[in-house]
Ligand SMILES: [Zn+2]
Ligand SMILES: [Zn+2]
């Protein structure tokens with residue numbers, strides 16, 4: 014984890030033990046905004062699966078599903094540690110939890126000169142890409158800001174409404190919060206570290222007062238975030254022509270009495286679609302939900318982008334769009350399904366970078382350099398073989414039938430123990446219904 018620190022100034026109301034607002038330059042706003050570029054799996058992992066209700070179960074199902082259900086172990090890495098399109102930008106933040114890593118083949122004399130984005134990906138030589146190589150980020154810090162210009166001053170409310178700092182804004186906020194007596198107010202400087210940023214992300218997911226919770230240590234009642242993964246944005250998928258024909262067949266097993274779902278039986282295509290949600294960046298989900306996710310802090314953060322647009326604080330339209338509608342890297346989209354109708358892009362982190370490794374016979378060094386023609390630390394010869402970046406493709410699950418519970422627990426259909434459990438009390442009371450699910454339902 015990175016060791017960088019930075020300070021943030023808070024205006025605290027001592028009489029009610031709360032943060033009235035935080036004042037910062039662009040660096041802290043960049044960190045908050047970067048949460049929108051995180052894939053849901055990353056948010057789940059960083060928050061110890063404290064968020065998103067049923068998606069936790071989906072994440073756990075991928076963690077524990079038997080290897081034979083997956084096309085390869087690399088698919089598990091793709092779902093649990095998906096590459097984020099904005100990873101390179103995030104690595105330039107003043108404080109970051111983003112480490113840029115790739116994997117090289119564990120066979121030192123491998124003939125193929127490849128580098129993989131994911132662990133456990135099988136190399137054409139038969140061995141696996143399981144040697145992790147990370148790249149130094151220390152020189153990449155951007156002092157001018159990443160998404161917004163660092164020279165701007167911002168006001169951030171406890172529930173993460175971000176606006177340009179002005180006396181007018183502050184007076185309005187005091188009015189809104191009923192702060193009348195200035196003598197109870199005091200300024201407080203707090204230190205930000207990578208660990209504090211993760212704590213903040215966790216509180217954002219469950220609370221409407223994350224700044225107060227983290228910096229004054231008074232966590233309020235937890236409220237679980239439930240993402241409503243359906244939306245009214247059907248047109249996009251329907252408009253995508255050839256993708257319209259996408260249908261997954263799902264068999265619903267219902268309880269005769271109350272018509273409640275006992276479980277659904279589905280094919281790998283439907284499960285691929287479900288688990289692929291884990292790879293969606295938060296901003297993409299917010300975009301599909303029309304900016305209303307049910308989580309107040311994320312909603313406020315997302316809506317703030319629109320209002321900040323008018324003060325020209327973004328470093329460019331492309332960077333702003335990375336927050337408003339982040340794209341899926343192409344290798345994470347599924348062929349012939351809804352996700353292929355989403356905008357995606359070839360760029361992924363380090364996409365413009367070249368990688369070199371020493372290939373001298375008998376040399377034991379696995380050192381990967383981003384600069385060519387430097388001498389190898391192992392054999393002192395010149396390191397100049399360029400590596401090609403590859404990534405796995407073609408879906409996540411092997412052709413098979415799966416059981417999907419109402420709470421998004423996914424298991425292979427063959428799991429006898431599980432089926433006995435699911436049918437324990439309802440064996441005589443179930444009825445079966447076959448449905449077809451198309452892009453409109455998924456979106
Ligand atoms: Zn190899
Ligand atoms: Zn060497």
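Numbering (my numbering), first residue to last: 14 to 456. The beta carbon of each residue, even a glycine, is placed where N, CA and C say it ideally should be.
Helix, strand or coil: how does DSSP classify residue 11 here?
Examination of residue 11 is not possible in this model, given that the chain is present from 14 through 456 alone.
To the nearest angstrom, how far is the alpha carbon of residue 321 from that of residue 406?
38 angstroms
Run through DSSP, which three-state label would residue 324 get?
Three-state DSSP puts residue 324 in coil, outside helix and strand.
Over the uninterrupted beta strand (DSSP E) stretch that includes residue 72, give me the two end residues.
Note, residue 72: premise wrong, no beta strand (DSSP E); alpha helix (DSSP H) at 67-77.
State buried or exposed for residue 295, treating a residue as buried only when at least 16 other CB atoms are found within 10 Å of its CB.
buried
Could you pull the start and end residues of the alpha helix (DSSP H) that residue 101 belongs to?
100-103
In the structure shown, what three-state DSSP assignment does residue 31 receive?
Looking at residue 31 - three-state DSSP - the assignment turns out to be strand.
Going by DSSP in three states, residue 226 sits in which element: helix, strand or coil?
helix
Would you call the region 24-36 and the region 86-101 touching, i.e. three or more CB-CB distances under 8 angstroms?
no
Check this for me: beta carbons of residue 326 and residue 161, under 8 angstroms apart or not?
yes
Throw me the rounded Cβ distance for the residue 87 and residue 134 pair, which I believe falls under 8 angstroms.
4 angstroms
Exposed or buried, which one is residue 26 when buried takes at least 16 other CB atoms within 10 Å?
buried
Could you tell me the distance, in whole angstroms, from the CA atom of residue 218 to the CA atom of residue 371?
45 angstroms
Mapping DSSP to helix, strand and coil, what is residue 49?
DSSP places residue 49 in helix when its eight states are reduced to three.
Which residue comes first and which comes last in the beta strand (DSSP E) that contains residue 417?
414-417
Got a sec? Which residues, its chain only, sit under 8 angstroms from residue 297 by beta carbon, not counting five neighbours each side?
338, 339, 340, 341 and 355
Hey, is residue 371 close to ligand 1, as in C-beta under 7 angstroms from one of its heavy atoms?
no
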